[in-house]
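Engineer: I am attaching a structure below and will ask some questions about it afterwards.
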Ligand SMILES: CC(C)(COP(=O)(O)OP(=O)(O)OC[C@H]1O[C@@H](n2cnc3c(N)ncnc32)[C@H](O)[C@@H]1OP(=O)(O)O)[C@@H](O)C(=O)NCCC(=O)NCCS
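This is the structure we're talking about:
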C-alpha cells in the first residue's frame, strides 16, 4: 500500500468508512443531502403511497416492477413458503423464554439452513428461490417466536393474504383491520432496503466469500441487532415510556444531552436532512394515535422532535416514528427490530444476489499500529 493509500484508508477507518464508496449497486440509493431514497430507480415516496411490499420485493430482486402474472406467481410462491420445519420450532422452544427475539430469529435462520438441501447452490435460480422462501419464513419465525415464548403454538398463515396481513395474523391470532394491514404493509416497504447500511454491508461481505444466502443473512441479523442500527426502534419506545408525559419531554431531552446520552431514533450517517421514511412514519404514528383515540405517543414524539431540532439540529430517522406506530398497533417492544428484519430480508437478499452475480472477495487492509519484532519468551520466563 502506498503512503497516500494508507493515509486515506486510515482516515476512512477512523470515521467508520463514512462516504467511502466500496462497490457499485443498482438496488437502492440514499441521497443524503436531498433526503432521497430510491429503490431500483423508483422514489420511496411513490412506492410507499402506491405499491405493496410483495411488488417491492420483486423490484429489489429483479430490477423492475412485476407484471400482474409475475406478481401472482410470486404471491403463490410466498404462500407456499411460510411453513418452517417443525424441528426449527423445536430449536426455538429450547431457547430461554426471555431470549431476545432478534437472537431467536438469528438462531432459527441458522437452523433453517440445515433443513434446506439446496442451501449451497448459489446459482441465480436457486438463490432467488431461497430469497423468496426466507421472505415468507421470516414472517412466520418472528410471529412464532412471540407465541412460543408465551407458551402458545405457532399459527398457520391465511391463504391468499399478503405478508403484512399474515404477519399480524400469525402474531395475534386475529385478522388485522384493513387499515392496520395496509399501514403495516407500507412500513415494510419503507424498511426494505437502504443501500450499504451496516447489516447489508455485512451480508455482502459474507456472500463475497461464496458462503450461502443463509450465512449472509445470519451475519446481517447480527449487525442489525445493535442499538446503533436496527436496535434503535425498541430503545425509542423505551425512552418514550421513560419520559411518560409530554410535559416531561423538554427536561428529559435536555438532561440526556447534557449527559451526552444519545437520543435513539435521531441522527443518521448519510441523511443530513429529513429521512424520507420518517415523513411517512410520522403520519402513520399520528393516524394510529387517532385510531386508538389517544395521540399521547405521537404528541410526545413531536415534542422530542422539536427539542432535538432546536438543541442539536438533528432530524428523526426511520426508527423514531416506527416505534410509536408499532406500539399503538399492540406489538411488543422487543419485536420492533425483528420486524425490521421481516422487511429488510428482501434488501439483504437483493444485495446478496447482486454480490454473487459479480463476485470479488471483500478483503480490505488494516493500518497496523502495533509493535513489531517483539522478542518471544517462553511462558516460564515472562
Ligand atoms: C445513526 C448514528 C450512529 C449516526 O452517527 P454519525 O453520523 O456518525 O454521528 P456521530 O455518532 O458521530 O455523532 C455526531 C454528533 O452528533 C451527536 N449525535 C448524533 N446522533 C445523536 C443522537 N441520536 N442523540 C444525541 N446526539 C447525537 C453526537 O453526539 C455527536 O455530537 P458531538 O460532535 O458533539 O460529539 C447516530 O446519529 C446515532 O447513534 N443515532 C442514535 C441511534 C439511531 O437512531 N440509530 C438508527 C440509525 S437509522
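In the working numbering, the protein residues as written are 23 to 404.
Each residue gets a CB set at the ideal place from its N, CA and C atoms; glycine is no exception.
Given the structure is predicted, the values throughout are model-derived calculations rather than measurements.
Tell me, please, which residues DSSP counts as bridged to residue 65.
Structural biologist: Residue 65 is bridged to 60.
Engineer: Could you tell me whether the region 344-363 touches the region 313-323, where touching means 3 or more Cβ pairs closer than 8 angstroms?
Structural biologist: A contact exists between the region 344-363 and the region 313-323.
Engineer: Does the Cβ-Cβ distance between residue 52 and residue 217 come in under 7 angstroms?
Structural biologist: For residue 52 and residue 217, yes; Cβs fall inside 7 angstroms.
Engineer: If you compare alpha carbons, which of 363, 104, 80 is closest to residue 96?
Structural biologist: Here the closest residue by C-alpha is 80.
Engineer: Check residue 288 in the structure and name its three-state DSSP category.
Structural biologist: DSSP places residue 288 in strand when its eight states are reduced to three.
Engineer: According to the Cβ coordinates, are residue 374 and residue 238 closer than 7 angstroms?
Structural biologist: Contact: yes.
Engineer: Are three or more beta carbon pairs between the region 217-227 and the region 193-200 nearer than 8 angstroms?
Structural biologist: Taking 8 angstroms as the limit for Cβ pairs, the verdict is that the region 193-200 does not touch the region 217-227.
Engineer: Which of the three DSSP states, helix, strand or coil, is assigned to residue 50?
Structural biologist: Three-state DSSP puts residue 50 in a strand.
Engineer: Just checking residue 216 against ligand 1 - is the residue's beta carbon closer than 6 angstroms to any of the ligand's heavy atoms?
Structural biologist: Checking the Cβ of residue 216 against ligand 1 gives no.
Engineer: Return yes when at least one heavy atom of ligand 1 lies under 6 angstroms from the C-beta of residue 341, else no.
Structural biologist: Indeed, a heavy atom of ligand 1 lies less than 6 angstroms from the Cβ.
Engineer: Identify every residue that forms a DSSP beta bridge with residue 216.
Structural biologist: According to DSSP, which records beta bridges pairwise, residue 216 is partnered with 218.
Engineer: Taking Cβ to Cβ, would you say residue 117 is nearer than 7 angstroms to residue 126?
Structural biologist: Cβ atoms of residue 117 and residue 126: closer than 7 angstroms.
Engineer: Who are the Cβ neighbours of residue 228 in its own chain at under 7 angstroms, not counting the five residues just before and after it?
Structural biologist: Answer for residue 228: 237, 238, 241, listed in chain order.
Engineer: With distances taken from CA atoms, which of 202, 210, 223 is nearest residue 386?
Structural biologist: Checking every option, the nearest Cα to that of residue 386 belongs to 223.
Engineer: Would you mind reading off the limits of the alpha helix (DSSP H) that contains residue 76?
Structural biologist: Element bounds for residue 76: 75-84.
Engineer: In the DSSP assignment, what are the bridge partners of residue 338?
Structural biologist: In DSSP, residue 338 forms a bridge with 288.
Engineer: Could I get the ranges of all uninterrupted beta strand (DSSP E) runs contained in the region 167-193, with 3 residues as the minimum, in chain order?
Structural biologist: Taking only runs of at least 3 residues, no beta strand (DSSP E) segment lies wholly in the region 167-193.
Engineer: By a C-beta neighbour count over all protein chains shown, 10 Å radius and 16 as the cutoff for buried, is residue 108 buried or exposed?
Structural biologist: By the 10 Å Cβ count, residue 108 comes out exposed.
Engineer: From residue 64 to residue 170, what distance separates their C-alpha atoms?
Structural biologist: For residue 64 and residue 170, the distance between alpha carbons rounds to 39 angstroms.
Engineer: With hydrogens ignored, establish whether the beta-carbon of residue 318 is closer than 6 angstroms to any heavy atom of ligand 1.
Structural biologist: No, the beta carbon of residue 318 sits no closer than 6 angstroms to any heavy atom of ligand 1.
Engineer: Alpha helix (DSSP H) containing residue 255: first to last residue?
Structural biologist: Here the alpha helix (DSSP H) through residue 255 covers 254-265.
Engineer: Taking only the alpha-carbon atoms, compute the straight-line gap between residue 75 and residue 210 and give it to the nearest angstrom.
Structural biologist: Spanning the two alpha carbons is a distance of roughly 6 angstroms.
Engineer: Check this for me: beta carbons of residue 370 and residue 225, under 7 angstroms apart or not?
Structural biologist: Going by C-beta atoms, residue 370 is nearer than 7 angstroms to residue 225.
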